[in-house]
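First up is the structure itself, then whatever we jot down about it.
Residue numbers (my numbering): 1 to 351.
See below:
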């Protein structure tokens, strides 16, 4: 007896590796989570919404879409929602690519890109990062073919934290075919402090082939509620809505996101605290002699090569869980000051 026939495209789909959970008493800096608890104003709207969870959420999330459109000065028809920015990224791939098509992105970059590409039946084209762990946009431009349907530019890049500068990105956008969708993945944009790093939404105005991903998981601290969105041309946003899981962004998520937009000033004070902690973490690691590129995200990348696993084990023994990429390096989220102290203490013990 044989089992059901499944799509061959699923064979060998890489497994997404979430940040390891921390044991009791240890700090978790492996998942780029915001360490601050939800704001009281957000908790209140969640509490108020609990009594209606027996009902389906607003199918079109109209209030959230309107709030986003007002916040970013775009038409509501330019907004598409999904379960986190990764959910929207998958919807974009489903909308553009299938068997025989190519999805282009830098590597190493967001681990979900190869997964959502293969699930769609398309082919990944990975362009190695340039020295300094930055996107090599000229090489990515050279890799575009007739089969390329979508390009992801992750800025700041996960897991290296580096960001693309305005001049190089504008040149890239001017050079790619006008019918090729370029997705600027800005999950960490609120942590950017480099004035040469552009706002993708502003840069994309007047460019119908540019879509910008954002999320409420990081700076807004709503990781468990899974709210992501795209700002794009009306045709692209409509495709995102067509490929969305019905009712995927639930009532609690919608209301918490709206409340978070209203509380941005308070939330961004917390972001400033995390940026300062990011600086302290990077400076401490640099002082110990580690290779840590400049980062614009809420994490740092430590290039370690063969020492990666030993570094992660030393941190775990010290009471803090980091995210190792075996043979390459570790990613460490800027979080509680005590976690930074433990990382630096563990790093100082390594040869």
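Using N, Cα and C, we set each Cβ at its ideal position, and we do this for glycine too.
- For residue 270, the enclosing alpha helix (DSSP H) covers residues 264-287.
- Annotated three-state conformation of residue 202 is helix, per DSSP.
- Rounded to whole angstroms, the separation of the alpha carbons of residue 80 and residue 265 is 24 Å.
- For a cut-off of 8 Å, the C-beta gap from residue 176 to residue 183 is around 12 Å, too long to register as a contact.
- For residue 242, the secondary structure class from DSSP, reduced to helix, strand or coil, is helix.
- Selection 48, 11, 46, 78 evaluated against residue 241 yields 78 as nearest (Cα-Cα).
- Around residue 325, the same chain offers 108, 159, 308, 331 as residues with beta carbons nearer than 8 Å, after the five sequence neighbours per side are excluded.
- For residue 102, the secondary structure class from DSSP, reduced to helix, strand or coil, is strand.
- For the options 289, 217, 302, 236, the alpha carbon positioned closest to that of residue 267 is the one of 217.
- Looking at the DSSP output, residue 299 shares a beta bridge with 333.
- In this structure, the alpha-carbon of residue 40 lies about 10 Å from that of residue 47.
- Spanning the alpha carbons of residue 210 and residue 238 requires a straight line of approximately 14 Å.
- For the alpha helix (DSSP H) assignment, the uninterrupted runs of no fewer than 4 residues enclosed by the stretch 11-69 are, from N- to C-terminal side, 40-49.
- In the structure shown, residue 252 adopts helical secondary structure according to DSSP, grouped into three states.
- It is roughly 12 Å from the alpha-carbon of residue 141 to the alpha-carbon of residue 152.
- If you look at residue 132, you'll find it isn't in any alpha helix (DSSP H); DSSP assigns it neither H nor E.
- Cβ contact annotation for residue 220 (same chain, cutoff 7 Å, sequence separation greater than five): 260, 267, in chain order.
- Judged by DSSP in its simplified three-state form, residue 233 adopts coil rather than helix or strand.
- In this structure residue 204 is buried. Its beta-carbon is surrounded by 16 or more other beta-carbon atoms within 10 angstroms.
- The C-beta of residue 139 has fewer than 16 other C-beta atoms within 10 Å across all chains shown, which makes the residue exposed.
- Taking residue 165 as the centre and dropping the five residues before and after it, the same chain places the C-beta of 196, 197 closer than 7 Å to its C-beta, in chain order.
- An exposed status is given to residue 12, since fewer than 16 other beta-carbon atoms sit within 10 Å of its beta-carbon.
- Taking 8 Å as the cut-off, the beta carbon of residue 338 is found no closer than this to the beta carbon of residue 213.
- Closest in alpha carbon position to residue 102, among 127, 110, 86, is 127.
- Counting C-beta atoms within 10 angstroms of its own C-beta, residue 236 has 16 or more neighbours from the protein chains shown and is therefore classed as buried.
- Less than 8 Å divides the Cβ of residue 163 from the Cβ of residue 194.
- Rounded to the nearest angstrom, the gap between the Cα atoms of residue 295 and residue 156 is 8 Å.
- In this structure, residue 291 sits near residue 302, with a CB-CB distance shorter than 8 Å.
- Membership of residue 156 in any beta strand (DSSP E) is not indicated, and neither H nor E is assigned to it by DSSP.
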